[in-house]
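S.K.: Let me give you the structure first, and then I'll get to my questions.
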Amino acid sequence: AEEDEDEDEEGKKAELSRKKYKQLHRLSIAELKQLVKRPDVVEVWDVTASDPRLLVYLKSYRNTVPVPRHWCNKRKYLQGKRGIEKSAFQLPAFIEATGIAKLRAAYEEKENEKTAKQKARNQSRPK
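Mapping of the sequence shown onto this note's numbering: residues 271 to 397, in sequence order.
Structure, rendered in structure tokens:
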């Protein structure tokens, strides 16, 4: 009867997948923070590292530069802002007061009136 119980316990251990086994033996964030000298550098995803203590030790080492936050994201950097439209750039008031905007607008209007042949000629042989 005891042998059957031992076999059942071994069967339960074998039933756990590798992923579940790793999750069960993983440190919690609070435990990791208690184990290290500088708990302020511990982040949520540090417990999933293969050696979390070494990782936190390296992060707390003097003169180390922190890894940018967007490196752990699935989505590429700034791809979430794709749908947001920016407003047109506004010149600062002291530059606007010089009247440069009117000159630029007149120059752009003159350039738009030129034909493609004139534009190509100006590029190949500028004045």
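Virtual Cβ for every residue (Gly too), placed ideally from N, Cα, C.
Can you tell me whether L324 is helix, strand or coil according to DSSP?
M.R.: Three-state result, L324: helix.
S.K.: What residues in its chain sit with their C-beta under 7 angstroms from that of L361, if we drop five residues either side in the sequence?
M.R.: A371
S.K.: Can you give, in chain order, each stretch of the beta strand (DSSP E) that sits fully within the segment 291-350 and has at least 3 residues?
M.R.: none
S.K.: Determine the contact status of V311 and R323, defining contact as a CB-CB distance below 8 angstroms.
M.R.: At least 8 angstroms separates the beta-carbon of V311 from that of R323.
S.K.: In three-state terms, what does DSSP make of L361?
M.R.: coil
S.K.: Can you tell me the Cβ-Cβ gap for V317 and L302, rounded? I've got them flagged as a contact below 8 angstroms.
M.R.: That pair is a contact at about 6 angstroms.
S.K.: Where R288 and K351 are concerned, what is the direct C-alpha to C-alpha distance, given to the nearest angstrom?
M.R.: 38 angstroms
S.K.: Helix, strand or coil for A390, going by three-state DSSP, please let me know.
M.R.: For A390, the secondary structure class from DSSP, reduced to helix, strand or coil, is helix.
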